[in-house]
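Novice: Attaching a single structure in structure tokens format; questions to follow.
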Amino acid sequence: MAPENTPTSHDLALSNEADSAPPCVLVFNANDPSGAGGLSADVLAAASVGAHALPVVTGTYMRDTAQIFDHIAFDEDAVAEQARSVLEDMNVQIIKVGFCGTPDNLSTIAEISTDYADVPVIAYMPNLSWWEDEKIDAYLDAFRELILPQTTVLVGNLNSLWRWLLPDWSSEKSPSPRDIARAAAEVGVPYVLVTGINHPDQHVENALATAHTVMVSERFERFDAMFSGAGDTLSITLACVLAAGTDLELATREALNYLDQTLNSGFRPGMGHIVPDRLFWAETDEEGAEGEDTDGLPATAEDFSLPRHETKH
4 MAPENTPTSH DLALSNEADS APPCVLVFNA NDPSGAGGLS ADVLAAASVG AHALPVVTGT
64 YMRDTAQIFD HIAFDEDAVA EQARSVLEDM NVQIIKVGFC GTPDNLSTIA EISTDYADVP
124 VIAYMPNLSW WEDEKIDAYL DAFRELILPQ TTVLVGNLNS LWRWLLPDWS SEKSPSPRDI
184 ARAAAEVGVP YVLVTGINHP DQHVENALAT AHTVMVSERF ERFDAMFSGA GDTLSITLAC
244 VLAAGTDLEL ATREALNYLD QTLNSGFRPG MGHIVPDRLF WAETDEEGAE GEDTDGLPAT
304 AEDFSLPRHE TKH
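According to the numbering used here, the sequence shown is numbered sequentially starting from 4.
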């Protein structure tokens with residue numbers, strides 16, 4: 004019988020497993036049935052870069068790869084119960100806040116973030132132009148008041164952040180990342196990652212900025228395509244790389260590079276926009292396992308020795 008307080012081999016195994024476990028990232032976001040963005044993007048991208056996503060469903064989009072038709076939000080109590088269940092069980096390194104549907108949900112998330120004040124928050128603001136104006140205004144006001152004061156890094160497209168944070172901007176020149184960061188700093192956000200800054204040389208700039216300086220500026224060649232899910236992919240990747248212990252500047256560069264590669268390998272699963280390939284690094288060549296040419300055709304049930312459905316109606 005093992006002496007009291009002496010760790011057993013089972014205890015040591017669990018300890019080693021904990022030490023080698025991937026970092027955990029708590030994610031508040033909506034389900035996306037198209038797989039383009041939302042929690043689908045969060046979970047897949049997190050796994051791709053070596054993190055473990057803890058997905059809290061805040062609601063679900065009604066959408067395809069071309070457009071969002073509607074959104075149904077979860078009750079705030081359901082959101083709170085999901086989050087607190089995992090927070091009381093696991094060590095969470097980062098919280099990512101995506102689209103949460105209602106001011107009530109944002110209030111719940113703000114309360115949870117306050118209870119875990121030592122956990123950094125990465126907040127992503129998507130394009131909400133598909134939504135009704137009244138709902139957009141209420142959501143943005145609540146996000147500004149409740150989430151931004153607890154946000155470490157705010158991620159968003161230049162145009163989305165500009166319209167939201169600088170609604171009275173009167174200059175003919177577009178605001179710079181520092182202008183956006185100054186506006187965010189007024190409500191407590193120390194860092195802003197601004198994406199989609201267009202340049203006339205067919206490049207797009209992405210910049211990590213504070214109110215005083217631009218810390219990271221990366222340019223990538225503009226893709227001649229429309230993508231869905233890029234913002235969620237970038238924000239969750241940044242959260243995961245930070246959760247692994249990487250400093251903010253290097254984490255930003257790594258997240259931007261990862262996003263660029265997912266877009267470069269993007270695919271069109273439907274008739275709408277292109278979806279980032281978050282597992283681009285796992286692509287196989289065009290030949291089969293034994294060197295036989297597959298002609299690029301998708302595998303069938305027979306290829307996996309699976310029987311076809313024979314259900315008759």
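Where a beta carbon is used, it is the ideal one built from N, C-alpha and C, also for glycine.
Using a threshold of 8 angstroms, state whether the C-beta atoms of Ala54 and Pro26 are closer than that.
Specialist: yes
Novice: Hey, Ala187 and Leu157: beta-carbon distance below 8 angstroms or not?
Specialist: yes
Novice: How should Pro129 be labelled, buried or exposed, when 16 other C-beta atoms within 10 angstroms of its C-beta is the threshold for buried?
Specialist: Buried, by the Cβ-count rule.
Novice: Helix or strand or just coil, what does DSSP make of Leu17?
Specialist: Residue confidence is low: Leu17 scores 44 on pLDDT, short of 50, so the model does not pin down where it sits. Its coordinate-derived value is still stated next. If DSSP states are grouped into helix, strand and coil, Leu17 belongs with the helices.
Novice: State the start and end residues of the unbroken beta strand (DSSP E) segment that holds Cys27.
Specialist: Cys27 to Asn34
Novice: Cα separation between Leu237 and Val28?
Specialist: 14 angstroms
Novice: Under three-state DSSP, which class holds Phe283?
Specialist: Phe283: helix per DSSP, three-state reduction.
Novice: So, for Cys243: in the same chain, excluding its five sequence neighbours on each side, which residues have a beta-carbon less than 6 angstroms away from its beta-carbon?
Specialist: For Cys243, where only same-chain residues beyond five positions count, the Cβ hits under 6 angstroms are Val28, Ala49, Val52 and Ala54.
Novice: Measure the alpha-carbon distance for Asn94 versus Ser88 and round it to whole angstroms.
Specialist: 12 angstroms
Novice: Is the beta carbon of Leu164 closer than 8 angstroms to that of Ile183?
Specialist: Yes; because the gap between Cβ atoms is below 8 angstroms, this pair is in contact.
Novice: Tell me whether Asn209 sits in a helix, a strand or coil according to DSSP, three-state version.
Specialist: Under the three-state reduction of DSSP output, Asn209 falls in the strand class.
Novice: If I follow the unbroken alpha helix (DSSP H) through Ile183, where does it start and stop?
Specialist: Its alpha helix (DSSP H) spans residues Pro180 to Ala188.
Novice: Identify every residue that forms a DSSP beta bridge with Asp73.
Specialist: Beta bridge pairing from DSSP links Asp73 with Met65.
Novice: Cα-Cα, which of Phe102, Gln153 and Asp136 is closest to Thr117?
Specialist: Gln153
Novice: Are the CB atoms of Gly199 and Tyr127 within a distance shorter than 8 angstroms?
Specialist: no
Novice: Which of the three DSSP states, helix, strand or coil, is assigned to Asn267?
Specialist: helix
Novice: Beta-carbon within less than 6 angstroms of Leu169's beta-carbon, same chain only, minus the 5 sequence neighbours each way: which residues are those?
Specialist: Pro178 and Ala186
Novice: Taking the straight line between their C-alpha atoms, what separation do you get for Thr216 and Lys99?
Specialist: 24 angstroms
Novice: Alpha carbons only, please: which of Asn201, Ala113, Asn267 and Leu245 is nearest the one belonging to Glu257?
Specialist: Checking every option, the nearest Cα to that of Glu257 belongs to Leu245.
Novice: Express the C-alpha separation of Leu161 and Tyr317 in angstroms, rounding to a whole number.
Specialist: What the structure shows of the chain is the stretch from 4 to 316, and residue 317 is not part of that stretch, so it cannot be assessed.
Novice: Return the residue from the list Arg281, Phe270, Leu143 and Pro180 that minimises the CA-CA distance to Gly104.
Specialist: The closest CA to that of Gly104, considering only Arg281, Phe270, Leu143 and Pro180, is found on Leu143.
Novice: Between which residues of its own chain and Leu149 is the CB-CB distance below 7 angstroms, once the five residues before and five after are set aside?
Specialist: Leu109, Ser110 and Ala113
Novice: Looking at C-alpha atoms only, which residue of Pro106, Lys138, Val82 and Phe31 is the closest neighbour of Ile125?
Specialist: When only C-alpha atoms are compared, the closest one is Phe31.
Novice: Between Met218, Gly269, Phe226 and Leu196, which has its C-alpha nearest Asp204's C-alpha?
Specialist: Phe226
Novice: Please tell me whether Val320 and Phe230 are closer than 8 angstroms, where the distance is taken between their beta carbons.
Specialist: Outside the shown range of the chain, which is 4 to 316, sits residue 320, and nothing can be said about it.
Novice: I need the straight-line Cα distance from Gly248 to Leu241, nearest angstrom please.
Specialist: Rounded to whole angstroms, Gly248 to Leu241 spans 11 angstroms at the Cα level.
Novice: Closest to Leu196 by CA distance: which of Lys138, Glu84 and Thr213 is it?
Specialist: Out of Lys138, Glu84 and Thr213, Thr213 has the C-alpha closest to the C-alpha of Leu196.
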